[in-house]
Amino acid sequence: MARTKPCPLCGNAPSPEYKPFCSRGCRDRDMLKWLGEGYTIPVEANEDTDNRDAAYNGGLDSAEKPD
Ligand SMILES: [Zn+2]
């Protein structure tokens with residue numbers, strides 16, 4: 173009997189198609205986890221400029237009356 177490791181995410185029996193995961197869902201979740209870790213750094217760096225931009229636009233918006 174082959175030694176099969178359980179799915180690293182949920183512990184279910186792995187599917188031969190999505191080894192070592194049990195399903196596409198778990199495989200995708202693992203991939204997103206890695207992508208998410210890579211995204212944290214650039215997103216934090218952008219936040220500063222993004223806030224300034226929002227405040228600037230907000231100021232314009234309140235000064236400009238619809239009618
Ligand atoms: Zn799983």
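For the sequence shown, my numbering begins at 173 and goes up steadily by one. Beta carbons: idealized from backbone N, C-alpha and C, even for Gly. The structure presented is a predicted model; accordingly, all values stated were derived computationally and were not measured.
Check: Is it the case that the Cβ atoms of Arg-181 and Arg-196 are separated by a distance below 8 angstroms?
Finding: Inspection of the sequence shows that residue 181 is occupied by Leu rather than by Arg. The answer is no: Cβ separation not under 8 angstroms.
Checklist line | Beta-carbon proximity check, Asn-188 vs Lys-177, cutoff 8 angstroms | finding: Checking the sequence, you will find Pro at residue 188 rather than Asn. Cβ distance not < 8 angstroms, so Pro-188 and Lys-177 don't count as in contact.
Checklist line | Same chain, Cβ closer than 7 angstroms to Asn-184, neighbours up to 5 away in sequence not counted | finding: Pro-178, Cys-194
Checklist line | Asp-199, buried or exposed, once every other Cβ within 10 Å from all chains shown has been counted against 16 | finding: The sequence shown places Arg at residue 199, rather than the Asp named in the question. Its Cβ being crowded by 16 or more others within 10 Å, Arg-199 is buried.
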